[in-house]
Structures are given as structure tokens and as C-alpha cells.
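Read in order, the letters of the sequence shown correspond to residues 3 to 279 in the numbering used here.
In what follows, a structure is listed as C-alpha cells, so that the remarks can point back to it.
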Amino acid sequence: MTESPRLTFNDGNSIPQLGYGVWQVENDTAEKVVGLALEAGYRHIDTAKIYGNEEGTGKAIAASGVAREDVFLTTKVWNSDQGFETAKAAAEASLERLGTDYVDLLLIHWAKPSQGLYLDTWKALIELQKEGKARSIGVSNFPEEQLREIVEATGVVPAIHQIELHPYFAQEALREVHQELGIVTQAWSPLGNGSDLLTNPVLVEIAKKHNASVAQVVIAWHLAIGNVAIPKSVTPERIVENYAALELTLDAEDIEAINGLSSADGRIGADPATITF
3 MTESPRLTFN DGNSIPQLGY GVWQVENDTA EKVVGLALEA GYRHIDTAKI YGNEEGTGKA
63 IAASGVARED VFLTTKVWNS DQGFETAKAA AEASLERLGT DYVDLLLIHW AKPSQGLYLD
123 TWKALIELQK EGKARSIGVS NFPEEQLREI VEATGVVPAI HQIELHPYFA QEALREVHQE
183 LGIVTQAWSP LGNGSDLLTN PVLVEIAKKH NASVAQVVIA WHLAIGNVAI PKSVTPERIV
243 ENYAALELTL DAEDIEAING LSSADGRIGA DPATITF
């Protein structure tokens, strides 16, 4: 079984570069598909309180036969739980639902600048890391301004920043900021969920060239440019197929062609600078 390469964080820990995400997966379904993902070889599972499936995810890990220390588990603090004490309590509740004493990675799910609590929340995550309840800490959906602010205010650089990132919206500028600060880039919606990415003619041709699926080509692109990717599928065959992207190597011409698909208006999800939810 092919093992995912790992990327090393600025805190010395490391993360499998290819993971399995469970956004929009019902709790009961999560228990089944996370088990299938672990069976297929994934050792990195990404969930969040707001997904409502932490309990199912935790049960799947416990029942998998894979040792807890061999599974890299991520969860996130939701917007309504931001603030120092509330974030700490929310993280404790997540651990209880997951049935574990720690997570490998704890993220702030969105900066939500209008709420003004992201710095206090970051301080809570720093405390949780010191307490051993989160091995590594990071953020998700932070504009550059807020990202730099929490680093300057605390001196603690997030290990990772999870952002919308796919070939239509490659986030080159923010990835450069990550490189400057020593932050790993993680892509959510890596397959461009809600777009026509998987039928894009450029990607279809590259897939034919390699006798691969378009999804495999996109995942291989993420890995080639240094992203952590967490594709989601509840279809057993696609769970296996996506993991097999680890065996696909794109050439420089392929990567250049895929890079050319990105545009400034390629965002599919919400803008982290202006969200209100």
C-alpha cells in the first residue's frame, strides 16, 4: 500500500500530504466512509464541529484497527465558539465527541474579522497546544491581514493554513505569504466542488495522457506544488481512486498547463474577509 508523503510543520510535527475530508457527510455515513478511507490507506482525517460528524469519525477510527497514533486527526473551532474560554470549552467538547485525548491538528475554522475574536481564539489554541490537547495548531480561511496580526501579537506562527484552493483559484499570493512565514498550505475543496473543474478540457487531456481520472490529475497537481489536499467522496470506488493519485507523477508541462487555469475571480466559496455566518 502506497503511503502518503508527509510535510513537516514549523513545530517539528508532520502531516500526511493527502488526507480525507468529511465536509457535508452525515454522522452515520461518516462512520462508514472514514472506515473505508482508513482501509484504503488514508492516515489523515479532516473533520470539524460544524460538520456534525465528529462522533461518527471518532467511532470509525476506534473501530478501524489502525492505532490512534497512526491517524492524523484534524478538527476545528467554529465561529460561534470563538473567544478564549469558549474556544477552549469547544475544543474539549470536540475531543469528547471524537473519543480521543488529543487531536493532531486544531484549527480556527474562519477568522471572521467582523467578529473580532480571532486573536483571543488563537491564544486559546496556543494554550490547548501547551496542554497537549492539540499536537499542532493552525488556522483556516484567514485573510493575510489577520494571519499576520495573530503572528505579530503572539509570536506563534500557525503550522498550517487551510484555504479554498484548486486549479481555478490557486491562491498564488497567499501561498507566497505562507512560504515567507513558514506555514504549510492546505487546500479545501481541492477538486473545485461546485464548478466544472472535473470536465475542464485541459485537465481531461492530461488525464487521458496519463490514463488517469481528472480527479487524480488534480490531486497530483496539489501534491506536486506542495499543498496538503483533503478530497472528499462517499463513493467507495472514488475513495480508493483518489488515494491512488499518490502513484501519479505529472511532468512540468502538465503542471504549467494546470497553473494556467487559475484566475483572481475563481473563488467558489465565501470570501474570508467578509463572511457573516
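Cβ coordinates follow ideal geometry from the N, Cα and C atoms, glycine included.
Buried or exposed (CB count within 10 angstroms, at least 16 for buried), residue i
i, result
"residue 4", "exposed"
"residue 26", "exposed"
"residue 251", "exposed"
"residue 181", "exposed"
"residue 171", "buried"
"residue 244", "buried"
"residue 118", "exposed"
"residue 191", "buried"
"residue 166", "buried"
"residue 33", "buried"
"residue 280", "Only positions 3 to 279 of the chain appear in the structure, and residue 280 is not among them; the question remains open."
Test item: CB-CB of residue i and residue j under 9 Å
i, j, result
"residue 194", "residue 163", "no"
"residue 108", "residue 84", "no"
"residue 88", "residue 75", "no"
"residue 229", "residue 189", "yes"
"residue 79", "residue 47", "no"
"residue 12", "residue 152", "no"
"residue 234", "residue 24", "yes"
"residue 115", "residue 275", "yes"
"residue 6", "residue 45", "yes"
"residue 93", "residue 135", "yes"
"residue 205", "residue 187", "no"
"residue 15", "residue 279", "no"
"residue 31", "residue 242", "no"
"residue 227", "residue 261", "yes"
Rounded straight-line distance, which links the Cα of residue j to that of residue i
i, j, result
"residue 179", "residue 142", "14 Å"
"residue 54", "residue 28", "7 Å"
"residue 173", "residue 220", "15 Å"
"residue 127", "residue 216", "37 Å"
"residue 50", "residue 103", "16 Å"
"residue 42", "residue 137", "25 Å"
"residue 56", "residue 271", "23 Å"
"residue 123", "residue 111", "10 Å"
"residue 214", "residue 20", "17 Å"
"residue 22", "residue 211", "26 Å"
"residue 238", "residue 157", "43 Å"
"residue 196", "residue 269", "11 Å"
"residue 155", "residue 183", "14 Å"
"residue 259", "residue 133", "46 Å"
"residue 277", "residue 264", "23 Å"
"residue 218", "residue 139", "29 Å"
"residue 106", "residue 209", "34 Å"
"residue 99", "residue 246", "31 Å"
"residue 317", "residue 113", "What the structure shows of the chain is the stretch from 3 to 279, and residue 317 is not part of that stretch, so it cannot be assessed."
"residue 8", "residue 240", "22 Å"
"residue 223", "residue 256", "8 Å"
"residue 266", "residue 248", "28 Å"
"residue 86", "residue 207", "50 Å"
"residue 1", "residue 18", "Outside the shown range of the chain, which is 3 to 279, sits residue 1, and nothing can be said about it."
"residue 91", "residue 225", "35 Å"
"residue 129", "residue 273", "28 Å"
"residue 121", "residue 77", "18 Å"
"residue 150", "residue 101", "34 Å"
Any non-hydrogen atom of the ligand FAD within 8 Å of residue i CB
i, result
"residue 92", "With respect to small molecules bound, the structure shown includes none, and the ligand FAD cannot be examined in it."
Is the segment 200 to 210 close to the segment 144 to 154, with three or more CB pairs under 8 Å?
The segment 144 to 154 and the segment 200 to 210 do not touch, with fewer than three beta-carbon pairs separated by less than 8 Å.
Determine, using beta-carbon pairs with one atom in the segment 59 to 76 and one in the segment 31 to 47, whether at least three such pairs fall under 8 Å.
yes
Which runs of the beta strand (DSSP E) fall wholly inside the segment 87 to 122 and span at least 3 residues, in chain order?
105 to 110
Runs of beta strand (DSSP E) lying entirely within the segment 144 to 189, each at least 3 residues, in chain order:
The segment 144 to 189 contains these whole beta strand (DSSP E) runs: 162 to 166.
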